Amino acid sequence: MLQILPDNPQRFDPVLCILGKRGFSIGRFYFEVQVGDKTYWDLGVVRGSVNRKGMITSTPENGYWTIRLRGGEEYRALASPSILLSLGEKPQKVGVFVDYEEGLVSFYDVEAKAHIYSFTGYSFTERLYPFLSPSVSDDGKNSAPLVISPVNHEG
Numbered sequence: 269m270l271q272i273l274p275d276n277p278q279r280f281d282p283v284l285c286i287l288g289k290r291g292f293s294i295g296r297f298y299f300e301v302q303v304g305d306k307t308y309w310d311l312g313v314v315r316g317s318v319n320r321k322g323m324i325t326s327t328p329e330n331g332y333w334t335i336r337l338r339g340g341e342e343y344r345a346l347a348s349p350s351i352l353l354s355l356g357e358k359p360q361k362v363g364v365f366v367d368y369e370e371g372l373v374s375f376y377d378v379e380a381k382a383h384i385y386s387f388t389g390y391s392f393t394e395r396l397y398p399f400l401s402p403s404v405s406d407d408g409k410n411s412a413p414l415v416i417s418p419v420n421h422e423g
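The opening position of the sequence shown corresponds to residue 269 in the numbering used here, with each subsequent residue numbered one higher.
Here it is in structure tokens:
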């Protein structure tokens with residue numbers, strides 16, 4: 269069901285994207301995203317001040333540290349230019365690790381315990397938020413949700 273909402277500076281338009289409620293500006297944090305059998309998605313972290321209107325270029329220069337899947341088989345790290353990723357198998361759950369002081373954002377295939385890609389050498393200057401885009405329906409093949417979950421490592 270299509271719902272028309274009033275414009276809001278915090279709402280992405282026209283793309284389908286969300287930010288996590290809690291942002292981080294110090295230390296390390298990690299979360300996992302259940303991607304399942306979706307055929308399209310984007311995920312990672314973004315600066316809280318990113319452009320949310322019109323055509324968005326998802327690159328670190330614009331405050332986006334993300335990876336994406338297109339067409340069920342093409343994985344890319346959205347650097348400038350984007351980097352085609354060769355994955356041994358299709359991840360069902362992607363882990364995202366951020367070390368704020370080191371300027372590091374890393375992605376992992378949780379179940380395979382395999383590194384996917386790392387953005388390194390950045391200098392973060394503002395709060396970072398988890399970022400998800402479930403993308404288009406793909407004739408119903410991409411209708412499952414993206415599910416984000418924090419992971420607590422206490423010990």
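The beta-carbon is built from N, C-alpha and C at its ideal position, and this holds for glycine as well. These numbers come from a predicted model, not from an experiment.
Reducing DSSP to helix, strand and coil, say where residue i ends up.
i, result
"Glu-394", "coil"
"Gly-423", "Unreliable positioning characterises Gly-423 in this predicted model, as indicated by a pLDDT of 47, which lies under 50. A coordinate reading is not provided."
"Pro-418", "strand"
"Glu-211", "No information on residue 211 is available, as it lies outside the stretch 269 to 423 that the chain covers here."
"Gly-312", "strand"
"Val-318", "coil"
"Thr-307", "coil"
"Met-323", "coil"
"Ser-401", "strand"
"Leu-284", "coil"
"Arg-290", "coil"
For the beta strand (DSSP E) that contains residue i, what are its first and last residues?
i, result
"Glu-341", "Note, Glu-341: premise wrong, no beta strand (DSSP E); not H, not E."
"Val-301", "296-302"
Taking Cβ to Cβ, would you say residue i is nearer than 8 Å to residue j?
i, j, result
"Thr-334", "Leu-346", "yes"
"Gly-363", "Val-378", "yes"
"Val-419", "Glu-300", "yes"
"Glu-394", "Ser-326", "no"
"Phe-375", "Tyr-385", "yes"
"Arg-315", "Gly-331", "yes"
"Pro-398", "Leu-284", "no"
"Val-313", "Leu-396", "yes"
"Tyr-298", "Phe-387", "no"
"Glu-329", "Ser-348", "yes"
Kindly list the residues whose CB is nearer than 7 Å to the CB of residue i, restricted to its own chain and excluding five residues on each side of it in sequence; keep chain order.
i, result
"Trp-309", "Val-303, Arg-336, Leu-337, Ser-401, Pro-402, Ser-403, Leu-414"
"Val-392", "The sequence given here has Phe at residue 392, not Val. Hits under 7 Å: Tyr-368, Gly-371."
"Asp-406", "Thr-307, Tyr-308"
"Gly-423", "Any reading at Gly-423 is ruled out, since the residue's pLDDT is 47, under 50, leaving its predicted position unreliable."
Excluding the 5 residues flanking residue i on each side, which residues of the same chain have their C-beta closer than 6 Å to its C-beta?
i, result
"Ala-412", "Gly-304, Lys-306"
"Pro-359", "Asp-377"
"Lys-409", "Thr-307"
Hey, is residue i's beta-carbon within less than 8 Å of any beta-carbon in chain D?
i, result
"Val-378", "Absence of chain D from the displayed structure is noted, only one protein chain being present."
Please list, in chain order, all residues of the same chain as residue i whose beta carbon is under 8 Å from its beta carbon, the five residues on each side excluded.
i, result
"Glu-342", "Leu-352"
Item to complete: Go through the region 344-393 residue by residue and report every complete run of the beta strand (DSSP E) that reaches 3 residues or more, in order.
Response: Along the region 344-393, the beta strand (DSSP E) occurs as fully enclosed runs of 3 or more residues at 351-353, 361-367, 372-377, 382-387, listed in sequence order.
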